[in-house]
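Heads up: the structure comes next, in structure tokens.
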């Protein structure tokens, strides 16, 4: 029944997202009308709004709590290089339009950014609203720009920031990497003159971030937690994540509502409400279905999903998705994402599709970057290339060392020199980007143009030639994605992180949580929410408090924090509210938790056991034979060559030491080979929560790749290991063309077989020739 | 000029891009006593130019020609007033009274005070209020240039912290280009925690003259960071202000040793704040420290080249010097520093002051022998000043000069001019004496009669001036106001002689009661036979036999010869009575 409801939800969401606008006008949604009525009559909400509403024409400065935050993740708040830009969005209610407000930007810049000549240009919804001097190297500086209704619109508003910044004393190319401006996500945003409470789902888009800079979703469950409660709540949490379209979601499970900015989520059927007696009064005040109201503290919202059965919850959620939440989806998760391309084979894209606009560049090093999201079943190998057709022009006077570098996932894969010092125009200059350099999921592509001039060598004070363009890059520069070899090859964490593969597409799978306590549950639900965001749709997951079932054919997501047996129904009140987690920071409770859950010194799993075995026998290496050493050398050389061939970092460790990691994630085949397990493992629930939150930080999550990865304990950095072997999970395209590309791809990966085959064929040919010539090809003329 | 085809293509593409790209960027007389002969000299005696002394090593030789009028003015004449103020420039002050210290102009870094010092007040001597206020260089200086901000300096500190010396040098060069007066921060290489202090709290205490607080705060910070020092700007201004406040307060309470102590760090040869130097002059002068006084004057007056102070300051200092030094020294000093036409012109006020001093000394001389006239240049200089400025003191000075030269006609003219401007007793006296010296007694009497109020301050003079009218053989009607003034002056001066004169005037005008009273007063103040005789005649004419008998009983033995004469004496024969009311107004002895 639950699966049926989930299927219905998934189908409804997908359908609703596609046709949401039309359905919203035809479907009767009781929740909005009720909440709107409640908003006008509710004493608390009314009085608060009345008291807090500033007078028209009031100064732009508004308390930080009133800020509507930008929705983007932390890495979107960086403006790097000589000409850096970013696109941000914030949401505004219709009632806030008339009085307008102020765009608040708190920023800090690199100390080397010269204040006299650097500026930050600001556009709102495509209209320039002003520029500010970039001059805050010693700390945050807040700039406030008053905006009236003419510049704003209901719903999501686009803000484009462009930083043109130059170095104080260094005119070298390398010095341009020292130039940056950071927008503070916590104290930046839009300060509306009129505050808007939380009454409709759309109001949720304005919810602020907590002190850790995360969007807090707290699932409030009092009493004993059952898998049913989690399964009822998970779709709503995922839907809210998709609706908010924020990559910094942090889901926590607690028996009390949270505090500060965030959303408290209450989900209950008749059955589960009975198990949450303490929350009955709260539920009684909520309307059936999905409803939104102000939370218990300022800046906090409460979302209720109330129904008699799980199926009813699913129907109510689906109804909300197609109704009041539809616009939010359309303008958010399903709107073309600036700086990102979801590519399809045999398709041509232009830089304009990434939000790039043609511009002339007057600096020394131009950096244009975007994300290329490759299909989850994309097979990266040397059977083709993405054609980059460069449309640009260079100015006369460039040094002969000028060049264009193409970086994919931080590795330079192509360089194209600008040899003509008299200036050049490129009308579709072809630059091939080998498919092997890409991977399934999110790929960071960066076009780096190094355009130094001789005049840069004289970096005299006061000399300012920053206004002279050196490069013009057109938005018509295109990328042609060729037909791709498509096959589901696992393990592949980049597809897992970038697209939720293999848990996307509505495929049913299980989520096993070995210890259902708040931190483990929080980590699990946060990961599920993030996977839903990667998959761009809710997951069809069933949560169980158990060890994974080896005989199940269903894919599984395994959350391991301990070896103890699962205990369903562990009351949350026994552990209280889960601690607020910041990456790299552990509070007192966390320390206590770690102490409580410290593993025994002995290795706990097979991998660790093997590792310990290897270490204990290492001293025997001196006694090894020359043959064995030669074999190892050959294997090692072959492995390194293969890794170089696949654009992998040769300095990466070859194995993850569980003792050195906070959390690890790996993909493996299930014991019976029928399914794929993605195992997220930590030594304690606290480590699981800390590690998972760290893992999900955007600048780490987008860099997941290979077969396994870990967050190191020492510095909380990411370590990814390539898969030692891959297996085919599914063949998604069985057309001859795809088979041919797969074969070509396979041979490019397994070149040794190709060599052997060629040698064998040549041998056969030699044998044949040896056999044939004596018999047929020799004539003796006497 | 030619363009390559690729350049043209590039420009075309750029133009296309710029057209298609939305523009983001939009958007302040009495004659002075003759000064005691100084045991020192303001100007060292002439020495052999070839053997300069240590105290005069760099002075110009006397033969050095004066620059022609068309030559550029000396740097000290104008330029310093327009020189841009810097952090090390003196504070804006106006010319202070020579004996009155100037209220220091306080400057703080955030709101520099432009309030002028207290208005100058005149001091003893012939020095008058300067013709115009004098400003030190900063008074007209432009606003202080803005220095580098924290934002400007951020990278400099960062590069220094990172030991990136090349970048430190490059950034310093960039800052120097932006701020020409930029100097490397003294704390550039200090640890970050030591640099964390800023001078804001120090500046707040600076504004309230809380010097003890500043010293305590500095000590506190140094306890935290031993290498820490306030900014150079603050340190300099703090020392200057503290010194100024201490000197000003000590001068106000005339604690001259304290003034000298506070000024111990001031080098008169280089200090540019003239008001402080003038405080030192007052202190040394009042302490009688001629050596120190001479050193300060020399330090101010005899500087060379760019160190020379503005002409206005030198002029004011020389004006003070006329108080402390003999004229010959001052003239010698003037001769040394008046090297430009502009300075010569500016020193006219000083030379005029010296002329005033000479004439005043001439006038004050008690030598009764005929006097040799003073140099005509001085007289003409003072005449010109007196005529141009119309100062009563100058006019009177010339009147007394010519009176002493026994030229009453000339002196009368100057006294008339002075009296016209200032109706003072001295001017009236001068004119009276000048007219009397010409035997113009009636005119002299008229002068006295018309300046009764002014001359009332000197009763003796007034009595002498008015008495001839009362002692004329022919009794004439006298203005009651004159009689009243004469009577009042007699009473004020207790003059028996003039009381007798007035008694006879009353007797002869048959005002016997009045004559009785005045003779009685005169006899009481000083006994004489004539006064007793007048008194007795007054009794007799009033038929007061008892009074007469009493008088005879009392003084008959002392004056035995007069009583027969009294009985035979005829009554007064003049018919025209005197102004009756005037006599009766005299208060009679009780």
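Chains as they are written, first to last, in the numbering used here: chain A, 1 to 782; chain B, 1001 to 1590.
Cβ coordinates follow ideal geometry from the N, Cα and C atoms, glycine included.
Backbone CA spacing between residue i and residue j [nearest angstrom]
i	j	result
residue 603 of chain A	residue 245 of chain A	The predicted model places residue 603 of chain A with a pLDDT of 34, which falls under 50 and marks its position as unreliable; any figure quoted below should be read in that light. For residue 603 of chain A and residue 245 of chain A, the distance between alpha carbons rounds to 41 Å.
residue 548 of chain A	residue 272 of chain A	25 Å
residue 765 of chain A	residue 439 of chain A	39 Å
residue 90 of chain A	residue 407 of chain A	31 Å
residue 171 of chain A	residue 751 of chain A	45 Å
residue 1566 of chain B	residue 1538 of chain B	10 Å
residue 1480 of chain B	residue 1466 of chain B	13 Å
residue 1192 of chain B	residue 368 of chain A	37 Å
residue 706 of chain A	residue 437 of chain A	13 Å
residue 390 of chain A	residue 263 of chain A	46 Å
residue 1251 of chain B	residue 1263 of chain B	11 Å
residue 260 of chain A	residue 250 of chain A	14 Å
residue 693 of chain A	residue 215 of chain A	12 Å
residue 1242 of chain B	residue 1232 of chain B	15 Å
Where the beta strand (DSSP E) containing residue i begins and where it ends
i	result
residue 87 of chain A	83 to 92
residue 815 of chain A	For chain A, the structure presents residues 1 to 782; residue 815 of chain A sits outside this window and is missing.
residue 417 of chain A	411 to 417
residue 104 of chain A	101 to 109
residue 446 of chain A	441 to 450
residue 342 of chain A	340 to 342
residue 191 of chain A	189 to 192
residue 78 of chain A	78 to 80
residue 434 of chain A	424 to 434
residue 540 of chain A	540 to 544
residue 480 of chain A	478 to 481
Bridge-paired residues (DSSP) for residue i
i	result
residue 693 of chain A	Per DSSP, none; premise fails for residue 693 of chain A.
residue 711 of chain A	A:663 and A:718
residue 679 of chain A	A:558 and A:666
residue 361 of chain A	A:471
residue 488 of chain A	A:730
residue 799 of chain A	Residue 799 of chain A is absent from the structure shown; chain A starts at 1 and stops at 782.
residue 1519 of chain B	Partner(s): none; residue 1519 of chain B has no beta bridge.
residue 371 of chain A	A:340 and A:444
residue 293 of chain A	A:302
Segment limits, alpha helix (DSSP H) that includes residue i
i	result
residue 784 of chain A	Residue 784 of chain A falls outside the range modelled here, since chain A spans only 1 to 782, and no answer is possible.
residue 321 of chain A	310 to 322
residue 286 of chain A	That residue, residue 286 of chain A, is in no alpha helix (DSSP H); it is neither H nor E in DSSP.
residue 1507 of chain B	1496 to 1508
residue 520 of chain A	518 to 535
residue 1464 of chain B	1459 to 1470
Chain D residues whose Cβ lies nearer than 8 Å to that of residue i
i	result
residue 1152 of chain B	Judged by its chain identifiers, the structure shown contains no chain D, and its protein chains are A and B.
What are the uninterrupted segments assigned as beta strand (DSSP E) that are 3 or more residues long and contained completely in the region 1344 to 1378 of chain B, given in chain order?
none
Which runs of the alpha helix (DSSP H) spanning at least 4 residues fall entirely within the region 1271 to 1301 of chain B, listed in chain order?
1274 to 1287 and 1290 to 1301
Would you list, in sequence order, the uninterrupted beta strand (DSSP E) runs of no fewer than 3 residues that lie entirely inside the region 118 to 145 of chain A?
119 to 124 and 127 to 133
So if I threshold CB-CB distances at 7 Å, which residues from the region 1168 to 1182 of chain B count as touching chain A?
1170, 1171, 1173, 1174 and 1177
Which complete alpha helix (DSSP H) runs does the region 1173 to 1214 of chain B hold, if anything under 4 residues is left out?
1192 to 1195 and 1200 to 1207
Between the region 88 to 116 of chain A and chain B, which residues of the former have CB atoms less than 7 Å from a CB of the latter, in chain order?
111, 112 and 115
With 7 Å as the C-beta to C-beta threshold (strictly closer), list the residues of the region 1155 to 1169 of chain B near chain A in chain order.
1155, 1158 and 1167
Along the region 329 to 361 of chain A, what residues have a CB closer than 7 Å to any CB found in chain B?
357, 358, 359 and 360
Alpha helix (DSSP H) segments (min. 4 residues) lying fully within the region 180 to 262 of chain A
227 to 244
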